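Here's the structure, in structure tokens; my notes come after.
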Amino acid sequence: MNMNEQIIQIFLDHPNQYISGEKLSEELNCSRTAIWKHIQTLKKKGYMFESTPRLGYRMLKTPPEPLDVSRIISALNTRCMGLKIKYLQEVDSTQTMAAEMVKKGEEEGTVIIAEQQTDGRGRLGRKWFSPPGTGIWMSMILKPQIPLQFIHQLTLLISVAICRVIKRMLDVDVGIKWPNDLYINGKKVCGILLESSAEDERVKHVIAGVGISVNLLQKDIPEDLKDKMTSLCIETGIKCNREELLISLFKEWEELYMLYLSEGFAPIRILWEALSICLHCPIQVHTHQGIVKGKAYGMDEMGALMIRDEEGKEHKIYSGDVSL
Ligand code: BTN
3 MNMNEQIIQI FLDHPNQYIS GEKLSEELNC SRTAIWKHIQ TLKKKGYMFE STPRLGYRML
63 KTPPEPLDVS RIISALNTRC MGLKIKYLQE VDSTQTMAAE MVKKGEEEGT VIIAEQQTDG
123 RGRLGRKWFS PPGTGIWMSM ILKPQIPLQF IHQLTLLISV AICRVIKRML DVDVGIKWPN
183 DLYINGKKVC GILLESSAED ERVKHVIAGV GISVNLLQKD IPEDLKDKMT SLCIETGIKC
243 NREELLISLF KEWEELYMLY LSEGFAPIRI LWEALSICLH CPIQVHTHQG IVKGKAYGMD
303 EMGALMIRDE EGKEHKIYSG DVSL
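So for the sequence shown, the numbering used here puts the first residue at 3; every next one is plus one.
Given below as structure tokens:
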């Protein structure tokens, strides 16, 4: 082990404890100035230390482990999903990067994953909080041969795939808020953004953006989002392996996508209804035409949410924002 690794090991062996510069220099047989220099180097690598006079140093945080993309790819037995991954430390938005790659002819199944987004985009022009190393911020390129009016069904399919994987891996009570947000205990843990282009009413390509808050801790979440968002780690107390999550996700996503392309939306609709958290309870949907208040009683064969309002009138809603 080199000196930096030895210093880290000492702190890992003494979690949350202060260790004086003197003790470290004795143990590692070097000067206190040398210890200080090594701590500065480690800080640049993403380790966080607190230094307090008379007490010494305390390690607050280790840098997030990077994803091992080749391990993900070799664990996949998919036909196309995730077989090519462009992995970036930082990008404005993986959606923008994917759009540029599509223009250059990128194939279906290619994924762009970033450790951090500086300008992550959400639905309805919102910003998407994407801090470094703690989430899955990715965009998948798809080229389904479907009419443009079916595109909404793809978002529903992706939400079902992610929901099933999270449930299976973490045994947590996660559900889908229409159309495609994933919620745990009343807070959002995952969002999906579909951007597409079409020609003659047929889809040319789709860029499916997925943001999953995986290992964020409560202190990582900005004050204004604290009552709205959560992470898998906050809800389960488990630091989740992002590589395992991605591997399962690509497999599940491909299985459902193949099912959809061969059998249509009907099986996806059944799965979606079983995972929905907004059926049979009072909801409000904000649509372009106004607010609809009532109870959702199902999804129709196209993917519209079916609502009976307070006067008993039935509505079919294709896009909007639900409040529970
Ligand atoms: C939503 O508003 O719920 C959708 C959020 C989608 C966020 C993801 S993160 C990866 C991809 N890149 C972006 O800029 N947005 C999507």
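The beta carbon of each residue, even a glycine, is placed where N, CA and C say it ideally should be.
All figures in this text were calculated on a predicted structure; none of them were measured in a lab.
Checklist entry - Does DSSP put Ser-199 in a helix, in a strand, or in coil? => result Here residue 199 corresponds to residue number 197 of the sequence shown, with the count starting at 1. Looking at Ser-199 - three-state DSSP - the assignment turns out to be strand.
Checklist entry - How would you label Ala-210, buried or exposed, when you count the other beta carbons within 10 angstroms and need 16 or more for buried? => result For the purposes of this step, residue 210 is taken as residue 208 along the sequence shown, with counting starting at 1. With 16 or more other Cβ atoms within 10 Å, it is buried.
Checklist entry - Any heavy atom of ligand 3 closer than 8 Å to the Cβ of Leu-234? => result Ligands in the displayed structure: ligand 1; ligand 3 is not one of them.
Checklist entry - Looking only at its own chain, which residues have a Cβ that is under 7 Å from the Cβ of Ile-249, when we skip the five neighbours before and after it? => result Taking the sequence shown and counting its residues from 1, one reaches residue 249 at position 247. Closer than 7 Å at the Cβ level, and outside the excluded window around Ile-249, lie Ile-74, Ala-77 and Leu-78.
Next on the checklist: Quick check on the DSSP output: the alpha helix (DSSP H) that includes Ile-272 runs from which residue to which?
Outcome noted: Mapped onto the sequence shown, residue 272 falls at position 270. Taken as a continuous stretch (DSSP letters only), the alpha helix (DSSP H) holding Ile-272 covers 268 to 277.
Item to check | Between the CA atoms of Ile-178 and His-282 - distance to the nearest angstrom | outcome: One-based indexing of the sequence shown puts residue 282 at position 280. One-based indexing of the sequence shown puts residue 178 at position 176. Each residue's Cα considered, the two are about 14 Å apart.
Checklist entry - So, are the CB atoms of Glu-194 and Val-212 less than 9 Å apart? => result Taking the first residue of the sequence shown as 1, we reach residue 194 at position 192. Taking the first residue of the sequence shown as 1, we reach residue 212 at position 210. Here the sequence assigns Ile to residue 194, which means Glu is not the residue at that position. Yes. Within cutoff.
Item to check | Rounded Cβ spacing between Leu-172 and Ile-240 (contact assumed at less than 8 Å) | outcome: Here the question's residue 172 lines up with position 170 in the sequence shown. Here the question's residue 240 lines up with position 238 in the sequence shown. Contact holds; Cβ gap of about 7 Å.
Item to check | Beta bridge counterpart(s) of Lys-189 as assigned by DSSP | outcome: By one-based count along the sequence shown, residue 189 stands at place 187. Answer is Ile-186.
Next on the checklist: Quick test of the definition: if touching needs 3 or more C-beta pairs under 8 Å, does the region 272 to 291 touch the region 134 to 145?
Outcome noted: no
Checklist entry - Ends of the beta strand (DSSP E) at Phe-51? => result Against the sequence shown, residue 51 aligns to sequence position 49. Residues 50 to 54.
Item to check | Supposed contact pair Glu-29 and Ile-12 - C-beta distance, whole angstroms, cut 8 Å | outcome: Start at 1 with the first residue of the sequence shown, and residue 12 comes out as number 10. Start at 1 with the first residue of the sequence shown, and residue 29 comes out as number 27. Between Glu-29 and Ile-12 the Cβ distance is about 7 Å, and since that is below 8 Å, they are a contact.
Item to check | Contacts around Ala-101, its chain only, beta-carbon distance under 8 Å, and the 5 residues preceding and following it disregarded | outcome: Translated into positions along the sequence shown, residue 101 becomes position 99. Once the five neighbours on either side are set aside, the close Cβ partners of Ala-101 are Glu-197 and Ile-209.
Next on the checklist: In the DSSP output, which residue or residues are listed as bridge partners for Ile-21?
Outcome noted: Translated into positions along the sequence shown, residue 21 becomes position 19. In DSSP, Ile-21 forms a bridge with Tyr-59.
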